[in-house]
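Below: the structure, in structure tokens.
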Amino acid sequence: MKGLFDFTEVATYFFRKKDPNRKTNFNLRTMHLINKISMLMFLAGLVYLVFKLMTR
158 MKGLFDFTEV ATYFFRKKDP NRKTNFNLRT MHLINKISML MFLAGLVYLV FKLMTR
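In my numbering, the protein residues as written are 158 to 213.
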């Protein structure tokens with residue numbers, strides 16, 4: 158059960174430092190931006206569902 162609520166991967170994805178040795182391009186930056194937006198929307202929906210179930 159403990160592994161189900163382990164969000165360290167998500168937190169480190171949002172707050173990691175940029176690697177100066179890695180080359181970036183527009184496609185890679187866009188892909189990471191879309192991933193971050195989709196994770197935020199998923200977490201917001203999860204919070205909404207939990208809140209909705211708690212207020213019943």
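Heads up, the beta-carbon is just placed ideally off N, CA and C, and yes, glycines get one too. Nothing here was measured: the structure is a model prediction, and the numbers come from that model.
As assigned by DSSP and simplified to three states, the class of residue i
i	result
arginine 179	coil
arginine 186	helix
lysine 174	coil
Continuous alpha helix (DSSP H) stretch holding residue i: start and end
i	result
threonine 169	165-171
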